[in-house]
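Residue numbers (our numbering): -3 to 412.
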């Protein structure tokens, strides 16, 4: 890999993203709506060679790569850009580890992040959603309301904080970190120095909260995720102090971002497709299935990175250890070879599983809570109001990896 591609945080002219990706991810037109570009790439072929390796857009090939142990993270650009600062120095985030370390830690985390733990959050999420929307209605009436600031962002942060056990006095800081951390997973070579500084400030703030909470839970254990991670054990194995710190920080960074992004994108998609909004309201019993289709149609994660760990081929293209693979999973979710009428939102769709949160051993740890927050949030929003989108194209956060809306201007009209 060239030294230019290894550089991070300074997008110089000679290593602009088009050399690494088959499009310009910083093009404002692309950031506003990436799907026309994805459609063109899909029409041109499943795999596109780049200076770093390949970019993959087809559903079939993305699925293969996500399941193939020859492709991991190693010391690739994604792993480098997602390091978590700890008292013992920078450490890999769980999502960027490879086996056997990833296998061991993920098994322990899964013991504390069981479906039962997530399911018991449903009434908590619903209560927070009702409170937030009631307050928004009282504050704005029928006037303009920013659904991102008033609802999707605080609902995600407060729900995840309740799961993890974050004291209420941290809420405003956490909401700020959730807002400002949107580009935290973007490749460093796409970030300006100011964006890198903001990313690092978010990680430092998260680390401060994490360490304070862990220290408290060791003395005052509670019924929450942090205490569970301290106690969790599998075949006599426990997380050490640094592993607990990095894992909790990882839950924060992923847990705040993914749910608020998915909920916001889903709400906008439904408002832009009134027939599907009506279907959602009429069929609340299919909420989980509807969220899966919303995740396929306009998911939050658009870019997954892997490093080639041993010689391999992708669609006849020879790859060597150290080459980079960028999977455009949001493009794969619009692949006409996998999905009929892929650019249409169809909540009654029956088809293959989407790759909105990846697949295999690195499937997003925050995916279950993100889906639940989105389902419950939509149920409360659409059960109480007829939200009207006040702009056809809400501004995005400018991220190329984890896309979300920065603002969602709406009018909240009572459903009754």
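Glycine included, each C-beta is placed from N, C-alpha and C at the ideal position.
In this text, all values refer to a predicted model and were calculated from it rather than measured experimentally.
Give me, in chain order, the residues of the same chain whose beta-carbon lies closer than 6 Å to that of residue i; leave out the 5 immediate sequence neighbours on both sides.
i           : result
residue 347 : 335
residue 12  : Residue placement at residue 12 is flagged as unreliable, the pLDDT there being 45, under the threshold of 50; the coordinate-derived value follows with that caveat. Around residue 12: no qualifying Cβ.
residue 51  : 17, 18, 44, 322
residue 76  : No answer about residue 76 holds up, because its pLDDT of 49 lies below 50 and its placement is not dependable.
residue 308 : 66, 315
residue 209 : 222
residue 46  : 16
residue 234 : none
residue 298 : 326, 399
By the DSSP assignment, the beta strand (DSSP E) with residue i in it spans what residues?
i           : result
residue 381 : 381 to 385
residue 51  : 49 to 52
residue 43  : 43 to 45
residue 140 : 140 to 142
With respect to the alpha helix (DSSP H) encompassing residue i, which residues constitute its N-terminal and C-terminal limits?
i           : result
residue 410 : Careful: residue 410 lies outside any alpha helix (DSSP H), inside the beta strand (DSSP E) at 405 to 410.
residue 173 : 167 to 176
residue 289 : 283 to 293
residue 34  : 31 to 40
residue 204 : 189 to 215
residue 260 : 237 to 268
residue 17  : Unbroken run through residue 17: none, as it is neither H nor E.
residue 220 : Neither: residue 220 is in no alpha helix (DSSP H) and is coded neither H nor E.
residue 148 : From DSSP, residue 148 is part of no alpha helix (DSSP H); its letter is neither H nor E.
residue 111 : 111 to 115
residue 126 : 118 to 136
residue 27  : 24 to 28
Measure the beta-carbon distance from residue i to residue j and round it to whole angstroms, keeping in mind my assumption that it falls under 8 Å.
i           : j           : result
residue 326 : residue 55  : Contact flag wrong, Cβ pair sits at about 11 Å.
residue 276 : residue 343 : 6 Å
residue 424 : residue 245 : The requested residue 424 does not occur in the structure, where the chain is confined to residues -3 to 412.
residue 382 : residue 411 : 5 Å
residue 174 : residue 220 : At roughly 19 Å, the Cβ-Cβ gap does not stay under 8 Å, so residue 174 and residue 220 are not in contact.
residue 192 : residue 180 : About 10 Å separates the two Cβ atoms, so there is no contact after all.
residue 319 : residue 48  : 7 Å
residue 256 : residue 148 : 5 Å
residue 390 : residue 404 : 5 Å
residue 105 : residue 361 : 6 Å
residue 159 : residue 146 : At roughly 21 Å, the Cβ-Cβ gap does not stay under 8 Å, so residue 159 and residue 146 are not in contact.
residue 291 : residue 258 : 6 Å
Based on the DSSP secondary-structure assignment, which residues constitute the bridge partners of residue i?
i           : result
residue 315 : 308
residue 68  : 303
residue 55  : DSSP output for residue 55 lists no bridge partner at all.
residue 429 : Look at the range of the chain in this structure, -3 to 412, and you will see that residue 429 is not part of it.
residue 297 : 398
For residue i, I'd like the list of residues in its chain whose CB is within less than 8 Å of its CB, leaving aside the five on either flank, ordered along the chain.
i           : result
residue 371 : 283, 284, 286, 287
residue 61  : 52, 67, 302, 310, 321, 323
residue 170 : 153, 157, 162, 205, 248, 252
residue 273 : 266, 267, 378
residue 339 : 31, 35, 330
residue 392 : 27, 28, 399, 400, 401, 402
residue 155 : 117, 120, 121, 124, 255, 365, 369
residue 138 : 407, 408, 409
residue 250 : 91, 360, 361, 362
Could you pull out every residue in the same chain whose Cβ sits closer than 7 Å to the Cβ of residue i, ignoring the five residues on either side in sequence?
i           : result
residue 207 : 241
residue 416 : The displayed coordinates of the chain run from -3 to 412. Any statement about residue 416 would go beyond what the structure contains.
residue 294 : 261, 265
residue 406 : 141, 143, 383, 384, 385, 386
residue 306 : 66, 317
residue 418 : Here the chain has residues from -3 to 412 only, and residue 418 is not among them.
residue 58  : 52, 323, 325, 328, 351
residue 133 : 408
residue 394 : 27, 179
residue 279 : none
residue 164 : none
Kindly say whether residue i, judged by its beta-carbon, lies nearer than 9 Å to any beta-carbon of chain D.
i           : result
residue 336 : Protein chains in the displayed structure number just one, and chain D is not present.
In chain order, each beta strand (DSSP E) run of at least 3 residues that lies wholly inside the stretch 328 to 404: 381 to 385
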